[in-house]
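Engineer: As they're listed, the protein sequences go chains A and B.
To convert, note that position 142 of the first sequence is 338 in our numbering; the numbers rise steadily by one, no gaps.
To convert, note that position 285 of the second sequence is 286 in our numbering; the numbers rise steadily by one, no gaps.
For glycine and all other residues, C-beta sits at the position ideal for the given N, C-alpha and C.
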Amino acid sequence: MSQHVNPVEPFLRMERMPHIWCPGCGIGTVVNCFVRALLKTQVDIDKVSVVSGIGCTGRIAGYFRADSFHTTHGRSIPFATGLKMANPELSVWNFSGDGDLIAIGGNHFIHAARRNADLKVVCVNNFTYGMTGGQVAPTAPLHSLATTAPYGAFERPFNLPFLADSSGAVYVARWTTFHVRQLVKSMEEIMHKPGFCFIEVIAPCPTAYLRRNRLGDGLEAMRHYKQSSKVVHGADTRSVDIELGGPIVVGKFVDRDRPTTLEAMRDELHKSLGDKYVPYPTGVQR
Amino acid sequence: MKADPRGVLTGVHFLDGDHACCEGALAAGCRCAFGYPITPSTEVVERIAQRLPTVGGVFLQMEDEIASSIAIQGAAWGGKKVLSVSSGPGISLMMEHIGLAAMTETPCVFVNVQRAGPSTGLPTLVAQADMMQARWGSHGDYEVIAICPNSPQECFDLTLHAFNLAETYRTPVMFMMDEAVGHMTERVVIPAAEQLEVVERRRPREKPSDQYALYRCEPGSRVPPMPPVGEGYRFHVTGLTHDERGYPVMNAEAQDKLVRRLVDKIRLAEPELARYEEFQVDDADVVLVAYGITSRVVQRSMRLARERGLKVGVFRPVVVWPFPERRLRELARRVKAFVVAELNLGQVVLEVERLAGGTRTVLASHAGGALHEPEAILKVVQEVLR
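#1: Could you check whether residue 100(B) and residue 162(B) sit closer than 9 angstroms to each other, using their CB atoms as the reference points?
#2: Identify the residues that DSSP records as bridge partners of residue 314(B): which are they?
#3: Determine the extent of the beta strand (DSSP E) in which residue 187(A) is found, giving its start and end residues.
#4: Figure out for me which residue from 54(B), 232(B), 346(B) and 355(B) has the closest Cα to the Cα of residue 470(A).
#5: Consult DSSP for residue 137(B) and reduce its assignment to one of helix, strand or coil.
#6: DSSP has residue 448(A) in a bridge; who is on the other side?
#7: Return the chain-ordered list of same chain residues with a C-beta closer than 7 angstroms to the C-beta of residue 208(A), the five sequence neighbours on each side being excluded.
#8: So, with DSSP's three-state summary, where would you put residue 255(A)?
#9: In whole angstroms, what is the alpha-carbon distance linking residue 26(B) and residue 10(B)?
#10: What does the Cβ neighbour count give for residue 316(A), buried or exposed, with the cut at 16 atoms within 10 Å?
#11: What ranges does the alpha helix (DSSP H) occupy inside the stretch 330-363 of chain B, keeping only unbroken runs of at least 4 residues that lie completely in it?
#12: Using a C-beta cutoff of 9 angstroms, does residue 484(A) count as contacting chain B?
#13: Chain B partners of residue 275(A), CB-CB under 8 angstroms?
#14: Counting C-beta neighbours from all protein chains within 10 Å, is the total for residue 347(A) 16 or more, i.e. buried, or is it exposed?
#15: Nearest by alpha-carbon distance to residue 28(B): which of 342(B), 49(B), 40(B) and 4(B) is it?
#16: According to the neighbour-count rule (16 or more other Cβ atoms, all chains shown, within 10 Å of its Cβ), is residue 81(B) buried or exposed?
#17: So what's residue 22(B) in DSSP terms, helix, strand or just coil?
#18: Going by Cα to Cα distance, which pick from 422(A), 349(A), 300(A) and 252(A) is closest to residue 378(A)?
#19: With a cut-off of 9 angstroms, does the C-beta of residue 235(B) fall near any C-beta of chain A?
#20: Taking all protein chains shown into account, do 16 or more other C-beta atoms lie within 10 angstroms of the C-beta of residue 199(A), making it buried, or fewer, making it exposed?
#21: Under 9 angstroms between C-beta atoms, does residue 49(B) make it to chain A?
#22: Note down the Cα distance separating residue 125(B) from residue 294(B), rounded to an integer number of angstroms.
#23: What are the boundary residues of the beta strand (DSSP E) that residue 265(A) is part of?
#24: Go to residue 498(A), then tell me how far its alpha helix (DSSP H) extends in each direction, as first and last residue.
#25: Determine the chain A residues that contact residue 248(B) at a beta-carbon separation under 9 angstroms, and present them in chain order.
#26: With a threshold of 6 angstroms on Cβ separation, who are the neighbours of residue 147(B) within its own chain once the five nearest residues in sequence on each side are excluded?
#27: Whose CA, out of 145(B), 78(B) and 37(B), lies closest to the CA of residue 94(B)?
#28: If the cut is a Cβ gap below 9 angstroms, which residues of chain E does residue 81(B) touch?
#29: Output, in chain order, the set of chain B residues within a Cβ distance shorter than 8 angstroms of residue 299(A).
#30: Could you work out which residue in 411(A), 224(A) and 277(A) is closest to residue 392(A) when comparing CA atoms only?
#31: Do residue 168(B) and residue 200(B) have their C-beta atoms closer together than 9 angstroms?
#32: Is the stretch 360-372 of chain A touching the stretch 433-447 of chain A in the sense that three or more CB pairs, one from each, lie closer than 8 angstroms?
#33: CA-CA distance, residue 449(A) and residue 406(A)?
#34: Keeping to the same chain, check which residues put their C-beta closer than 7 angstroms to that of residue 214(B); ignore five residues upstream and five downstream.
#35: If contact is defined by three or more beta carbon pairs under 8 angstroms, each pair taking one atom from either stretch, is the stretch 272-279 of chain B in contact with the stretch 347-358 of chain B?
#36: Name the DSSP beta bridge partners of residue 128(B), please?
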């Protein structure tokens with residue numbers, strides 16, 4: 197009998213299993229899709245670095261068999277920026293939850309998009325702080341319940357694709373964990389795309405979000421994603437807000453080109469300094 | 002090994018401490034820096050921004066000090082020697098990441114050009130009131146190395162030394178300048194590259210394999226070799242308590258093993274780290290203890306005292322953390338008293354008191370904004386000897 201090895205396993209630190217994620221959680225799906233994208237693009241895994249902050253999604257770095265960095269809460273993007281600046285040949289992937297990336301890390305997010313830091317940023321958006329037990333997030337839909345919004349969220353949430361788009365990201369897509377093929381394809385597309393690429397993945401948190409908001413379990417969430425998602429490639433990102441239990445616009449919204457931080461730096465320094473400039477690699481082949 | 006000549010501005014210069022610090026970093030091999038403007042440290046990042054592109058390095062001004070203090074750590078793992086610079090409020094913002102660097106054993110240099118606080122305080126005026134913050138400012142148990150230069154020449158020499166220590170011990174090094182030293186302009190001699198010893202971080206001897214453990218120390222060492230990223234080691238770095246492989250382990254045993262080693266690798270290295278200067282301590286009844294700019298002020302106090310027939314000497318720790326404690330204990334056995342002069346209301350004096358073992362220890366305090374008057378320190382000495 198032949199031994200069947202799950203093709204994902206070689207990419208994971210199997211000695212660290214079982215992982216900490218709850219049944220029905222969407223984070224594992226994102227990891228699975230990432231591995232599929234790596235397999236399809238045949239990228240050299242030794243040149244891939246995975247950077248995370250703190251939170252459930254922040255644990256991705258610890259399970260991924262690559263050079264991986266589990267940094268501080270909200271600061272994975274500046275860490276990743278430094279890593280990429282120091283070693284431009286690396287493909288630097290940043291996995292963060294919505295609280296990590298957009299609340300405490302929001303300032304770094306918009307600045308990295310503005311300067312077009314050459315990073316792949318995947319946000320697993322489950323609308324809540326899962327690891328600490330379900331507190332209100334800046335992505336929480338209006339009127340949703342959380343332990344720190346026991347009477348309902350009353351602040352307007354961030355629309356992440358619009359935030360990334362308006363800050364200057366060169367690639368912006370949104371999928372749910374139901375859209376695994378599309379998510380893999382987006383990850384493949386950004387594998388070799390220079391610049392700040394952003395994918396939002398809407399994911400279920402059965403323990404801390406779905407249950408409290410009476411939205412069922414992980415399977416129920418999948419049904420909702422299937423029935424309520426609408427694929428609109430190139431959608432105006434201003435129009436993709438998410439409401440509690442409402443439709444979810446998914447698709448590839450932005451795909452454009454502009455110089456990365458290191459390319460822009462090289463061009464400016466070369467122009468100003470001439471021969472005195474000692475060229476620094478950009479890691480970009482165009 | 003010898004310094005890379007590209008980064009060494011050999012010659013005789015007239016530089017302020019901030020600029021000299023930048024040159025020391027470049028001579029040490031720093032090729033990646035991130036910073037954010039703040040008085041009185043801005044000149045360091047300005048010069049770095051100007052100089053790094055001409056020596057094959059990169060500088061980015063980040064969105065804040067929090068970003069700067071962790072971007073350098075990404076760059077350190079990316080293989081570079083790194084530095085960030087700030088002062089007062091900016092250093093407070095960096096504190097979480099100084100703990101991260103200690104926990105993940107990331108070599109990096111944090112320059113603090115001290116100004117008077119708390120809070121916004123006196124942005125343009127001198128103080129030495131961040132000395133305990135440098136040591137204890139991040140949460141949890143850890144140790145750092147902290148160095149206090151007292152001249153632009155030392156800002157060059159000791160910045161280079163700070164990088165060498167960061168690479169040797171895989172630790173954050175706090176380079177504790179002060180506004181007076183940062184903005185003082187003096188002659189700075191930068192030697193030829195072949196006269197400058199620089200330390201490169203130790204790499205693992207073993208090849209990448211499933212057995213590789215990121216934090217495994219070689220026998221007799223408390224400092225694990227540091228692998229380069231992107232070469233197949235596939236290591237994991239975390240700020241969580243971790244085992245030798247770098248994997249999180251959530252129990253008291255792992256905590257004890259890791260944190261004890263992190264603290265011991267600095268604390269027990271005090272004999273080799275100790276660096277101090279002494280003046281006329283051999284016959285001294287009273288020894289003035291001072292560091293940074295105040296170590297120059299007490300020279301004058303010492304001379305005034307000697308003119309009056311008082312037997313006064315000076316002990317100046319250059320590396321303040323870990324404190325050169327063996328030498329201070331020796332002095333304590335034969336002097337009548339220590340007078341500690343510092344631009345704060347009592348920080349390093351606590352360490353001197355601890356080590357003095359009953360020898361009288363008196364503080365000559367100053368809340369900052371200006372330097373001590375040498376006569377004011379003399380007055381404290383006279384009162385002690387009365």
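Structural biologist: To lay it out plainly:
#1: Counted from its first residue, the second sequence places residue 162(B) at position 161. Counted from its first residue, the second sequence places residue 100(B) at position 99. In this structure, residue 100(B) does not lie closer than 9 angstroms to residue 162(B) by Cβ.
#2: Sequence index remark: in the second sequence, residue 314(B) carries index 313 (1-based). Looking at the DSSP assignment, residue 314(B) forms a beta bridge with 288(B).
#3: It is not possible to answer for residue 187(A), since the shown part of chain A is limited to 197 through 482.
#4: To locate residue 470(A), count along the first sequence from 1; it is residue 274. That would be 54(B), whose Cα lies nearest to the Cα of residue 470(A).
#5: Taking the first residue of the second sequence as 1, we reach residue 137(B) at position 136. Helix at residue 137(B).
#6: Position 252 of the first sequence, counted from the first residue, corresponds to residue 448(A). 369(A).
#7: The residue labelled residue 208(A) in the question sits at position 12 within the first sequence. Cβ within range, chain order: 259, 260 and 261.
#8: As a working mapping, residue 255(A) is identified with position 59 in the first sequence. Three-state DSSP puts residue 255(A) in a helix.
#9: On the second sequence, residue 26(B) is found 25 positions in, with the first residue counted as 1. On the second sequence, residue 10(B) is found 9 positions in, with the first residue counted as 1. Computed Cα separation, rounded: 11 angstroms.
#10: Indexing the first sequence from 1 puts residue 316(A) at position 120. Buried is the call here.
#11: 349-357
#12: The structure shown does not extend to residue 484(A), since chain A is modelled only from 197 to 482, so the question has no answer here.
#13: Here residue 275(A) refers to the residue found at position 79 when the first sequence is read from its first residue. In chain order: 71, 72, 74 and 75.
#14: In the first sequence, the residue the question calls residue 347(A) occupies position 151. The residue is exposed, with fewer than 16 neighbouring Cβ atoms inside 10 Å.
#15: Indexing the second sequence from 1 puts residue 28(B) at position 27. Taking only the C-alpha atoms, the option nearest residue 28(B) is 4(B).
#16: Taking the first residue of the second sequence as 1, we reach residue 81(B) at position 80. Residue 81(B) should be labelled buried.
#17: Taking the first residue of the second sequence as position 1, residue 22(B) is located at position 21. Correct three-state label for residue 22(B): helix.
#18: By one-based count along the first sequence, residue 378(A) stands at place 182. Among 422(A), 349(A), 300(A) and 252(A), the Cα nearest to that of residue 378(A) belongs to 422(A).
#19: Your numbering for residue 235(B) matches position 234 in the second sequence. For residue 235(B), the answer is yes, since a Cβ of chain A falls inside 9 angstroms of its Cβ.
#20: Residue 199(A) sits at position 3 when you count from the first residue of the first sequence. So residue 199(A) counts as exposed.
#21: If you number the second sequence from 1, residue 49(B) lands on position 48. No, because no Cβ of chain A sits closer than 9 angstroms to the Cβ of residue 49(B).
#22: By 1-based counting over the second sequence, the position of residue 125(B) is 124. By 1-based counting over the second sequence, the position of residue 294(B) is 293. Each residue's Cα considered, the two are about 15 angstroms apart.
#23: Position 69 of the first sequence, counted from the first residue, corresponds to residue 265(A). Counting along the chain, the beta strand (DSSP E) containing residue 265(A) begins and ends at 263-266.
#24: Chain A is shown from 197 up to 482; residue 498(A) falls before or after that span and cannot be answered.
#25: Along the second sequence, read from residue 1 onward, the residue named residue 248(B) stands at position 247. In chain order: 209, 211, 212 and 258.
#26: In the second sequence, counting from the first residue as 1, residue 147(B) sits at position 146. Correct list, in chain order: 135, 175, 177, 321 and 322.
#27: Position 93 of the second sequence, counted from the first residue, corresponds to residue 94(B). Selected option, being the one with the closest Cα: 37(B).
#28: In the structure shown, chain E does not exist; the protein chains are A and B.
#29: Working through the first sequence from its first residue, we reach residue 299(A) at position 103. Within 8 angstroms Cβ-Cβ: nothing; residue 299(A) doesn't reach chain B, min ~14 angstroms.
#30: As a position in the first sequence, residue 392(A) is number 196, starting the count at 1. Among 411(A), 224(A) and 277(A), the Cα nearest to that of residue 392(A) belongs to 277(A).
#31: Taking the second sequence and counting its residues from 1, one reaches residue 168(B) at position 167. Taking the second sequence and counting its residues from 1, one reaches residue 200(B) at position 199. Yes; because the gap between Cβ atoms is below 9 angstroms, this pair is in contact.
#32: yes
#33: The sequence position of residue 449(A) within the first sequence is 253, counting from 1. The sequence position of residue 406(A) within the first sequence is 210, counting from 1. Rounded to the nearest angstrom, the two C-alpha atoms are 27 angstroms apart.
#34: Here residue 214(B) is taken as the residue at index 213 of the second sequence, counted from 1. So the qualifying residues of the chain are 245 and 246.
#35: no
#36: Residue mapping note: residue 128(B) aligns to position 127 of the second sequence, counting from 1. For residue 128(B), which the question treats as bridged, DSSP gives no partner whatsoever.
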